[in-house]
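**Student:**
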Amino acid sequence: MIKKKSSFCKLASVAIVLLFSIIIFSGCQRSSKQPGTLITNSDGEVSVGVQYLGYKDNSVSFNIAMDTHSVNLDNYDLAELSELTDDKGYDYAIVSWDSKPGGHHRDGILTFSKSGSQGRPDTLILVIRNIAEIEERTFIWENI
Numbered sequence: 006m007i008k009k010k011s012s013f014c015k016l017a018s019v020a021i022v023l024l025f026s027i028i029i030f031s032g033c034q035r036s037s038k039q040p041g042t043l044i045t046n047s048d049g050e051v052s053v054g055v056q057y058l059g060y061k062d063n064s065v066s067f068n069i070a071m072d073t074h075s076v077n078l079d080n081y082d083l084a085e086l087s088e089l090t091d092d093k094g095y096d097y098a099i100v101s102w103d104s105k106p107g108g109h110h111r112d113g114i115l116t117f118s119k120s121g122s123q124g125r126p127d128t129l130i131l132v133i134r135n136i137a138e139i140e141e142r143t144f145i146w147e148n149i
C-alpha cells in the first residue's frame, strides 16, 4: 500500500511540474522551425495568428490575422505596434501594414525591410505590442 502511494505521489508530482511548465511557457515566445507555419497567440481577448511568408531581396512579409468578439481591431495599426529583429542583431524597418478594416476580424500583410547586405538570417523575431491590453506578443521563426 505504501509503495502504491509513493508511486502515485511521484507520478502526480511529475504531472504537476509538466502542467506548470506548459502554463508558464505558453505565454512566452512562440517558436516554429518551418517558414509558412502559422503561429497563434490567444492571450487576452484577441487571438493573433502570424504566418511567415518569406524573405526576398532584404524584405520579409507576414500574413497576420486577428480575431475577437469584444474589441474593435480597426484601432490597431500594426505598422506602429510591430518590430522585427533577427539573430544577428539587426532591426528591420517597417514597410507597410496592408489591411482593410474588419471590426472584430482583421487580416493583412505586414512587410519589413533590412538595409545593407548582411546576408540572410537564421532566426526572425517578430514582436507585436499593446493589442487588447497584452503588452507583448513574440513570434519566432528559426532555421529559415
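So for the sequence shown, the numbering used here puts the first residue at 6; every next one is plus one.
Just so it is clear, CB atoms sit at the ideal spot from N, CA and C, and this is done for glycine as well.
Here the structure is a predicted model, which is why all the values come from computation and not from measurement.
What whole-angstrom Cβ distance do Val53 and Ile133 have, given they're in contact under 8 Å?
**Tutor:** 6 Å
**Student:** Looking at Tyr97: is its Cβ nearer than 8 Å to the Cβ of Val55?
**Tutor:** no
**Student:** Mapping DSSP to helix, strand and coil, what is Glu141?
**Tutor:** strand
**Student:** Compute the distance between the beta-carbons of Asp79 and Arg111, then report whether it is under 8 Å.
**Tutor:** yes
**Student:** Alpha carbon to alpha carbon, how far is Leu43 from Val100? Give it in angstroms, no decimals.
**Tutor:** Here the alpha carbons of Leu43 and Val100 stand approximately 21 Å from one another.
**Student:** From what residue to what residue does the alpha helix (DSSP H) around Glu85 run?
**Tutor:** Leu83 to Leu86
**Student:** Tell me which same chain residues have a C-beta within less than 7 Å of the C-beta of Glu141, skipping the five on either side of it?
**Tutor:** Cβ contact annotation for Glu141 (same chain, cutoff 7 Å, sequence separation greater than five): Val132 and Arg134, in chain order.
**Student:** Is the CB-CB distance between Asp103 and Gly94 below 8 Å?
**Tutor:** no
**Student:** Compare the beta carbon distance of Asp91 and Ile145 with 8 Å and say whether it is the shorter of the two.
**Tutor:** no
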